[in-house]
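Notes follow the structure.
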Amino acid sequence: MPENKKQDKKKSHWFVSRIPAYYAMIAIAFFFFGTLFAGFSSSNVTGNIVASNAVPKDKAGSDVVNYINTYLLKNGFKASLDSISDEGWVYQMNLSISGPQGKNTYTSYVTKDGKLLFVSAIDLTYKP
Numbered sequence: 002m003p004e005n006k007k008q009d010k011k012k013s014h015w016f017v018s019r020i021p022a023y024y025a026m027i028a029i030a031f032f033f034f035g036t037l038f039a040g041f042s043s044s045n046v047t048g049n050i051v052a053s054n055a056v057p058k059d060k061a062g063s064d065v066v067n068y069i070n071t072y073l074l075k076n077g078f079k080a081s082l083d084s085i086s087d088e089g090w091v092y093q094m095n096l097s098i099s100g101p102q103g104k105n106t107y108t109s110y111v112t113k114d115g116k117l118l119f120v121s122a123i124d125l126t127y128k129p
């Protein structure tokens with residue numbers, strides 16, 4: 002009988018000595034995922050994840066128009082921003098391109114950090 006008590010004591014001692022290791026693994030996991038998602042926050046209204054380094058929508062719109070006018074359009078054409086709205090993780094912009102043939106409007110999107118411009122989007126909820 003005394004041997005069983007020693008074995009039980011060893012088993013419980015082994016388990017108790019492993020508990021701090023489990024806490025350490027959990028802490029490391031929190032640290033890893035915390036650094037992985039650093040710079041992102043969850044919007045309280047929509048629940049979307051957005052970059053915390055987002056630029057104001059007016060600045061993003063003016064940067065897009067400046068980029069289009071400087072690098073994408075030929076002489077005689079000019080881009081202007083008609084409106085801009087917040088659509089979760091992107092800003093939706095209504096742009097006008099004026100030229101010799103008249104004025105055309107386009108809907109485009111820019112990421113909230115102002116780094117990526119999408120000239121169009123496909124609505125995957127619409128079934129043709």
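Heads up, the working numbering is the position in the sequence shown plus 1, with the first residue counted as 1. In this text, a Cβ means the ideal position worked out from N, Cα and C, and glycines have one as well. Because the structure is a prediction, the values reported are computed rather than measured.
Q. Since Gly-62 and Met-94 are thought to touch, with beta carbons under 8 Å apart, how far apart are those beta carbons, to the nearest angstrom?
A. The residue you call residue 62 lines up with position 61 of the sequence shown. The residue you call residue 94 lines up with position 93 of the sequence shown. Contact holds; Cβ gap of about 6 Å.
Q | Reduced DSSP category for Asn-54 - H, G, I as helix; E, B as strand; rest coil | A | As a first step, residue 54 is located in the sequence shown; it is residue number 53 there, counting from the start. Note: Asn-54 maps to coil in three-state DSSP.
Q | Inter-residue Cα distance where the pair is Ile-85 and Tyr-110 | A | Taking the first residue of the sequence shown as position 1, residue 85 is located at position 84. Taking the first residue of the sequence shown as position 1, residue 110 is located at position 109. Each residue's Cα considered, the two are about 9 Å apart.
Q | Strand pairing of Lys-79, partner residues [DSSP] | A | Numbered from 1 along the sequence shown, position 78 holds the residue referred to as residue 79. Answer is Ser-99.
Q) Who are Lys-104's beta bridge partners in DSSP? A) Within the sequence shown, residue 104 is the residue found at index 103, counting from 1. The partner list for Lys-104 (beta bridge, DSSP) reads Ser-99.
Q. Distance, Cα to Cα, Glu-88 vs Gly-77?
A. Here the question's residue 88 lines up with position 87 in the sequence shown. Here the question's residue 77 lines up with position 76 in the sequence shown. Answer to the nearest angstrom: the Cα atoms are 32 Å apart.
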